[in-house]
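A.B. asks: Below you'll find the structure I mean.
Residue numbers (our numbering), protein chains in the order written: chain V, 2 to 226; chain A, 69 to 291.
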């Protein structure tokens, strides 16, 4: 099963990390994989473009089936391997709804983090404005405070939607990257607790990024957020 | 079942429309439906904030359960009402994979529409640049061409033979493109898809009311 899977990935990419965590959780270790370099533009190489015309990572195949969209791939894997590995979508309607809600909100969190940490990537030179960066930072603070409230009662086994689920698969990588880029644990204690509870989970530990992106000097760290 | 459901929505909003289509497809007509006006800022009103602290539509409740993310609501309804209404998840592995892929690519299409068609709405005057507008317009054109290509390769629906969650999610966005004047001659496969799906009962029954009353724009006519 895993042997017919192929993942092309880049280190430090949250979307790539989501798929890797899911593969571990569903006991699909042993998949073929290839680490590529964003810096060397390898995500635009022929090998990637043949599977993913958008030239993006992750790029993922299962047999002849291609799912490059990370959240889609995670849902697919849970759907196809329901009875294998850990259950990542709760059956209970209330938990399930909360899981889908937080999972999709996780995409908003990711976007807002990027708009600060990688502002220069989104706004080419000549189009950058202090007013825009300030607004992005304010929006990020609002967003992070929302997640602090979501994790009010965080504890072992009490994550975003109860037990560990696809919501955590999508969101944890973003928070790991936020703390790596200097987010203050003091200002966001619940997020910090969530991070410390999950960082040693086997699927997460096994797939921890070997290295993170170089962050530009101007799109500063998140330490003042 | 439907009587325990409430949907707060705004006309023409693809995320709202998705949930309405899903409710119809799963035979859940009869839910409490409340239409609000974006123009009047009603999405930031107390009614909405009580369900959705983000002050966004759709806002959806099923009993004590809240689901304001349109993808989340559609996935939940399909899962919880598996044995009711139309099946929105194909049996075939290849179609399921394609369904998930296209569903989430739908986010790119909607993003590019917003960045281009709603540039002035989201970017304050002193931060606007012609270079950005131009780049975003090119980005939208390239994205639309990608979807035209998808429908050349597969059909009649996005995941292949069966109408699925991919169509529930993406059709409202495609409809939005034609509402803004996308040229049927330039994008014949998208036009055919639009014409096929727009007559589906769940889509017809939930067609944006203000679209019936007024003509669309021709912003995308020359794309």
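Using N, Cα and C, we set each Cβ at its ideal position, and we do this for glycine too.
Predicted model only: the values in this text are computed from it and were never measured.
(1) Residues in the segment 164-184 of chain A with C-beta within 7 Å of chain V's C-beta atoms, listed in sequence order?
(2) Which residues in chain V have a C-beta closer than 8 Å to the C-beta of residue 199 of chain A? List them in chain order.
(3) Is it buried or exposed for residue 160 of chain A, if we count other Cβ within 10 angstroms and need 16 for buried?
(4) For residue 218 of chain V, is the classification buried or exposed, using 16 other Cβ atoms within 10 angstroms of its Cβ as the cut-off for buried?
(5) Based on the DSSP output, what are the partners of residue 103 of chain A in its beta bridges?
(6) Using only the alpha-carbon positions, how far apart do residue 213 of chain V and residue 172 of chain V sit?
(7) Going straight from the alpha carbon of residue 185 of chain V to that of residue 203 of chain V, what length do you get?
(8) How about residue 101 of chain V: is its C-beta nearer than 8 Å to some C-beta of chain A?
(9) Can you pull the chain A residues whose beta carbon is under 9 Å from the beta carbon of residue 23 of chain V, in chain order?
(10) What separation, rounded to the nearest whole angstrom, lies between the Cα atoms of residue 134 of chain A and residue 163 of chain A?
(11) Per DSSP, what kind of secondary structure is residue 148 of chain V in: helix, strand or coil?
(12) Got a sec: is the Cβ-Cβ distance from residue 272 of chain A to anything in chain V below 8 Å?
(13) Rounded to the nearest angstrom, what separates residue 40 of chain A and residue 79 of chain A at their Cα positions?
(14) Between residue 176 of chain A and residue 211 of chain A, which are expected to be in contact by the criterion C-beta below 8 Å, what is the C-beta distance as a whole number of angstroms?
(15) Please confirm whether residue 167 of chain V and residue 105 of chain V have their CB atoms less than 8 Å apart.
(16) Could you give the first and the last residue of the continuous alpha helix (DSSP H) run that contains residue 196 of chain V?
(17) Go to residue 213 of chain V, then tell me how far its alpha helix (DSSP H) extends in each direction, as first and last residue.
(18) Using beta-carbon positions only, say whether residue 82 of chain A and residue 178 of chain A come within less than 8 Å of one another.
(19) Look at residue 77 of chain A and residue 125 of chain A and say whether their C-beta atoms are less than 8 Å apart.
(20) Considering just the uninterrupted stretch of the beta strand (DSSP E) at residue 127 of chain A, what are its terminal residues?
(21) To be precise: take each residue of the segment 124-135 of chain A, compare its Cβ to all Cβ atoms of chain V, and keep it if any distance is under 8 Å. Which residues remain?
(22) Pair every Cβ in the segment 13-26 of chain V with every Cβ in the segment 49-65 of chain V, then say whether three or more of these pairs are closer than 8 Å.
(23) Assuming residue 123 of chain A contacts residue 114 of chain A (C-beta within less than 8 Å), just tell me the rounded distance between them.
(24) Pick out the complete beta strand (DSSP E) segments inside the segment 30-76 of chain V, 3 residues or longer, and give them in chain order.
(25) Closer than 7 Å, Cβ to Cβ, to anything on chain V: give me those residues from the segment 138-150 of chain A, in chain order.
(26) Kindly say whether residue 72 of chain V, judged by its beta-carbon, lies nearer than 8 Å to any beta-carbon of chain A.
(27) With a 10 Å radius around its C-beta and 16 neighbouring C-beta atoms as the bar for buried, classify residue 255 of chain A as buried or exposed.
C.D. replies: So, from the listed chains and residues:
(1) 164, 165, 168, 169, 171, 172 and 173
(2) 125, 127 and 128
(3) exposed
(4) For residue 218 of chain V, the pLDDT reaches just 49, beneath the cut-off of 50, and the residue's location in the model is therefore unreliable, leaving the point undetermined.
(5) A:77
(6) 17 Å
(7) 25 Å
(8) yes
(9) Here the premise fails: no neighbours, minimum Cβ distance about 12 Å.
(10) 30 Å
(11) helix
(12) no
(13) Lying before the first or after the last residue shown, residue 40 of chain A is absent from chain A, which here runs from 69 to 291.
(14) 6 Å
(15) no
(16) 190-199
(17) First-last for residue 213 of chain V: undefined, no H or E at that position.
(18) yes
(19) yes
(20) 127-130
(21) 130, 132, 133, 134 and 135
(22) yes
(23) Actually they are not in contact, since the Cβ atoms of residue 123 of chain A and residue 114 of chain A sit about 10 Å apart, beyond 8 Å.
(24) 33-37 and 60-63
(25) 139, 140, 143, 144, 147 and 148
(26) yes
(27) buried
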